[in-house]
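See below for the structure under consideration.
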Amino acid sequence: MCGIIGYTGKNNSVSIALEGLKRLEYRGYDSAGVAFFDNGSVDVRRCKGKISDLMALLSREEKPSSTTAIGHTRWATHGRPSDENAHPHRSGDIVLVHNGIIENYVELKKKLKGEGFVFTSETDTEIICHLINKHSPGLPLEDAVREAVKELRGAYALAVISEREPGKVVGVRKDSPLVVGVGDGEYFLASDIPAFLSYTRDVIFLEDNELVVITQEGFTTSTAAGEPVGKETVHITWDSTMAEKGGYDHFMLKEIFEQPRSLADTLAGRINTETSEVNLEEFNIEKGDLEKVKKIFIVACGTSWHAAIVGKYMIEELARVPVEVDIASEFRYRNPIMNGDELFIAITKSGETADTLAAQRMAKKLGAKVLSICNVIGSTSSREADSVFYTHSGPEIGVASTKAFTAQMAALYLFAVAFGRAKGLVPDERMQELLEEMLMIPDKIEKILLKEKAIEDIAKRYVNKSGFLYIARGINYPIALEGALKLKEVSYIHAEAYPAGEMKHGPIALIDEGFPVIVLAPRDRLHEKMISNIQEIKSRGGSIIAVTTGSGREIADMAEQLIEVPESVSYLQPMVMVVPLQLLAYHVGVLRGCNVDQPRNLAKSVTVE
Ligand code: AGP
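Per my numbering, residue 2 is the first one in the sequence shown, and the count goes up by one each step.
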């Protein structure tokens with residue numbers, strides 16, 4: 002997820018672009034740049050680092066007086082954070098900024114190289130620049146853009162300028178947001194409203210495959226195919242802080258709701274539905290190496306450790322290789338038995354968690370091949386690993402991890418399916434079913450998000466409880482752990498999770514009249530066992546909040562509260578089951594007046610022991 006901005010009007014475009022990028026920095030902050038018209042040519046200034054570094058770079062020269070500019074703040078997906086990978090990118094007269102992920106960039110890059118285009122970056126964005134340049138002779142900029150995007154597969158929001166057409170900015174979007182700000186004789190393009198809210202509250206929301214041309218005289222909107230399209234202007238009443246949260250009250254809620262989109266970004270370009278294969282390249286593990294793997298260690302902290310446990314079930318079931326999961330702070334101080342034919346997977350959203358880095362380094366010293374499943378390109382874990390799988394879930398501002406967690410599970414699923422396939426354990430039709438199910442998960446999560454109000458009502462009923470128990474079985478047990486952690490983190494209520502079969506070994510002593518128990522009971526092969534657990538709890542007065550799939554009448558008669566979620570294959574059910582627990586924790590925390598985005602005592606990345 003990156004932030005882009007475009008401006009043309011009567012004021013200083015570079016100042017406006019920089020200020021807008023500051024407002025978009027929550028969308029990505031590992032490099033930044035601007036391009037602006039200056040005396041008939043387009044100048045580009047860009048650098049690794051934050052907007053403040055770009056501002057310092059520009060402050061060392063005379064302030065440009067340009068009235069048209071584009072800008073970009075990056076969350077790296079293809080190509081590490083660096084000056085040469087920073088946007089804007091240029092090809093001939095064409096200069097552009099891009100938010101999104103181009104799925105077919107490898108084949109397009111090869112084709113363009115064959116046509117003589119010279120690449121200077123590792124980004125997928127640069128291919129768009131060369132494509133527009135290739136199509137631009139004899140065409141107005143908007144038509145060259147139209148021709149270029151016909152060849153793209155994937156997600157993009159673009160702001161494009163050409164030295165041949167001063168004062169014009171062309172914007173086009175598909176699967177990435179792009180909004181138009183309509184000012185008084187000045188016009189804006191941006192990934193999100195905060196970028197220009199201090200200049201105008203009149204906004205046009207572009208839909209997928211729509212294109213806009215802004216000039217000093219005004220703007221026109223059309224489809225990417227060239228058909229004029231009328232768009233209504235919406236007057237925004239949010240303040241800028243509200244706007245940064247996309248209208249949500251908190252980043253945590255925004256990020257819960259972003260999960261369908263962020264999962265689609267995690268999967269982009271990694272599943273080939275025509276051949277029913279997973280693109281293993283990024284795991285950077287040769288098929289031959291995979292076959293030598295006799296054991297896998299997955300090591301992480303906190304929520305990432307919960308993903309690791311889900312991964313164990315996935316990999317052992319699909320690839321039939323033993324998996325040992327450990328909390329990093331434990332692993333680093335024990336004496337693990339490793340003899341060099343293991344694969345060590347570090348799961349870390351930030352890529353900077355001290356315990357996980359220590360464990361990763363220890364595993365490397367013991368001869369294991371290290372794969373990092375990470376969300377931050379260029380982070381320590383990603384740089385020190387033998388291979389990296391980036392989850393592409395964009396910056397996660399809320400301290401309590403939500404969208405990064407579901408992305409981690411998606412990454413582990415792709416690995417497990419690809420590993421099982423490489424070992425000949427997943428036949429063609431099964432492979433197709435497993436991949437189709439994965440691609441349906443974003444829609445299934447969308448369906449749960451529609452139940453937010455009902456889940457908020459449940460939160461209201463239980464907000465004053467002093468303790469919660471979460472129980473589940475099998476692959477959903479780590480989701481019970483995650484639900485309990487989310488509630489603890491953001492509401493400060495004690496909560497713990499147990500494998501449901503453990504109830505009779507002690508935890509059932511907790512149950513008295515009205516004690517809340519969240520029961521994860523999908524209609525899978527362990528469903529009847531979960532029904533028995535519910536009966537045990539009910540008979541002692543416990544209050545059941547059940548999360549189940551399908552219309553389980555039996556459960557409905559026993560549970561005080563029932564949350565029905567869509568069914569999926571067992572390996573993916575955890576990704577669906579966790580969403581109501583995220584929403585429940587969020588609403589309980591808000592009702593208790595807690596700072597759900599920055600809970601007390603917590604940090605987004607635990608870079609110390
Ligand atoms: C998640 O909600 C917590 N904030 C925390 O447990 C987090 O998952 C843990 O610190 C690991 O972080 P990492 O994924 O960046 O390594």
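The beta carbon of each residue, even a glycine, is placed where N, CA and C say it ideally should be.
What does a CB cutoff of less than 8 Å around K539 pick up in its chain, not counting 5 residues either side in sequence?
I545, M559
Name the one or two DSSP bridge partners that N273 has.
E278
Just the Cα atoms here: how many angstroms apart are S163 and H131?
12 Å
Starting from the C-beta of D227, find all residues in its chain whose C-beta is less than 7 Å away, skip the five residues before and the five after it, and write them out in chain order.
The sequence given here has Gly at residue 227, not Asp. So the list reads R147, once near-sequence residues are dropped.
Less than 8 Å separating the beta-carbons of I378 and Y27?
no
At a threshold of 7 Å, does K350 count as lining the ligand AGP (C-beta to nearest heavy atom)?
yes
Is any heavy atom of the ligand AGP found at a distance shorter than 7 Å from the C-beta of G395?
Flag unset: Cβ of G395 not near the ligand AGP.
Please determine, among Q361, V311, E218, the residue with the shortest C-alpha to C-alpha distance to R474.
V311
For the 8 Å Cβ check, are there 3 or more pairs between the region 22-37 and the region 188-208?
yes
Residue range of the unbroken beta strand (DSSP E) whose run includes K296
296-301
Opposing strand residues paired with S544 [DSSP bridges]:
P517
Out of curiosity, what's the CA-to-CA distance linking T69 and L212?
18 Å
Would the beta-carbon of G21 be found less than 7 Å away from any heavy atom of the ligand AGP?
no
Taking R362 as the reference, which of S351, F345, I374 has the closest Cα?
F345
DSSP state of P500, grouped into three classes?
Here DSSP, grouped into helix, strand and coil, assigns P500 to strand.
Compute the beta-carbon to beta-carbon distance between V371 and D387, rounded to the nearest angstrom, for a pair I have assumed lies under 8 Å.
Indeed, because the Cβ distance is near 5 Å, the residues count as touching under 8 Å.
Using only the alpha-carbon positions, how far apart do G270 and E104 sit?
4 Å
Here's the rule I'm using: 16 or more other beta-carbon atoms within 10 Å means buried, otherwise exposed. How should V609 be labelled?
exposed
CB of I129 within 8 Å of CB of L113, strictly
Cβ atoms of I129 and L113: not closer than 8 Å.
Measure the Cβ-Cβ separation of M410 and M576 and say whether it is below 8 Å.
yes
For the structure I just gave you, are there three or more beta carbon pairs, one from the region 411-420 and one from the region 265-285, closer than 8 Å?
yes
CA-CA distance, E331 and W306?
12 Å
Close beta carbons around K605, own chain, < 6 Å, minus the five adjacent residues each side
Only V400 meet the Cβ criterion.
Just grab the DSSP bridge partners of Y391 for me.
C375
DSSP three-state call for G139: helix, strand or coil?
Coil at G139, not helix or strand.
Is it a yes or a no for the region 443-454 touching the region 314-331, going by three-plus beta-carbon pairs under 8 Å?
Too few Cβ pairs lie closer than 8 Å, so no.
Are there 16 or more other CB atoms within 10 angstroms of the CB of Q260, so buried, or fewer, so exposed?
buried
Beta-carbon proximity list for G93, same chain, < 7 Å, skipping 5 on both sides
Excluding sequence neighbours, G93 sits near N134.
When DSSP labels each residue in this structure, what does T349 get in the three-state scheme?
strand
A485 Cβ short of 7 Å to the ligand AGP heavy atom set
Outside the cutoff, so no.
Is T651 near the ligand AGP, with its Cβ less than 7 Å from a heavy atom?
With the chain covering 2 to 610 only, the question about residue 651 has no answer from this structure.
S305 beta carbon near the ligand AGP (any heavy atom closer than 7 Å):
yes
Tell me the rounded alpha-carbon separation between H588 and H251.
11 Å
Where T124 sits in the DSSP three-state scheme
coil
G248 and D176 - do their beta-carbons sit closer together than 8 Å?
No, the Cβ-Cβ distance between D176 and G248 is not below 8 Å.
Quick one: residues in its chain with C-beta nearer than 7 Å to the C-beta of A149, no 5 flanking neighbours on either side, listed in chain order?
I129, L132, I133, H136
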